[in-house]
Amino acid sequence: MAVESSQTVAPSGAPQSLPSRIVLFDGVCVFCDRFVRWLIDRDPAARLRFAPLQGETAAALRRAHPEIPDAVATLVYVDASDGSVRVFLRSEAALRVLAEIEGPWRRLACLSRLPRGCTDLAYRLFARVRYRVFGRRSDCRVPSAAERSRCLD
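Quick note, the sequence shown lines up with residues 91 to 243 if you use this note's numbering.
Following this line, the structure appears as structure tokens:
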């Protein structure tokens, strides 16, 4: 049974000190790491914060929002910018994150008009081959000094 990815949930039980826009990503995936660095470069307003799915922030968010899967093959975007907490998964998360950044890349967010089944299928197919194509680290990369303020774990 699939979990609805854009479910609005009450913030009760959620860590109160977390930022309003968090991207959870696979911290050992080389592609995911590059994607996060790419997002940081295109988000000069620093709206987005980042945490690996293998870290404490993700664990705390999972306790408060059981719809966040344990699987590291899932990009997760947690948006609490309007007062309610919304959790987005897979392709919907990626497209919503793209809508937050500066420049022409945000136009890709219009792909969210496609059926989610199609965009999630493409997402899952890519997730299956990402380690083979881009590689995998043995540990999560330590963020640079410039990136540390944007990273939660």
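Glycine included, C-beta positions come from ideal geometry on N, C-alpha and C.
Indicate whether Leu179 and Val166 have their beta-carbon atoms separated by less than 8 angstroms. Taking 8 angstroms as the Cβ cut-off, Leu179 and Val166 qualify as a contacting pair.
Label Ser228 either buried or exposed according to how many other C-beta atoms from any shown protein chain fall within 10 Å of its C-beta, with 16 as the threshold for buried. Counting other Cβ atoms within 10 Å of its Cβ, Ser228 stays below 16 and is therefore classed as exposed.
Rounded Cβ spacing between Phe121 and Phe224 (contact assumed at less than 8 angstroms): Sure, about 4 angstroms apart at Cβ, within 8 angstroms.
What's the call for Cys241, buried or exposed, on a 16-neighbour Cβ count within 10 Å? Here Cys241 is buried: its Cβ has 16 or more other Cβ atoms, across all protein chains shown, within 10 Å.
Inter-residue Cα distance where the pair is Gly173 and Ala154: Between Gly173 and Ala154, the C-alpha separation is close to 15 angstroms.
Rounded straight-line distance, which links the Cα of Arg152 to that of Val177: Val177 and Arg152 have their C-alpha atoms roughly 11 angstroms apart.
I need the straight-line Cα distance from Ser239 to Pro233, nearest angstrom please. Taking the CA atoms as reference points, Ser239 sits about 9 angstroms from Pro233.
Tyr221 beta carbon less than 8 angstroms from that of Ser181: Contact check for Ser181 against Tyr221 fails: the beta carbons are separated by 8 angstroms or more.
Which whole-angstrom value describes the C-beta separation of Arg132 and Glu192, a residue pair presumed to lie in contact below a C-beta threshold of 8 angstroms? Their Cβ separation, rounded to whole angstroms, is 5 angstroms, which keeps Arg132 and Glu192 in contact under 8 angstroms.
Quick one: what does DSSP say Leu114 is sitting in, helix, strand or coil? Three-state DSSP puts Leu114 in a strand.
Can you give me the C-alpha to C-alpha distance between Glu146 and Asp243, rounded to a whole angstrom? Spanning the two alpha carbons is a distance of roughly 7 angstroms.
Per DSSP, Cys119 forms a beta bridge with which residues? Beta-bridge pairing links Cys119 to Arg226.
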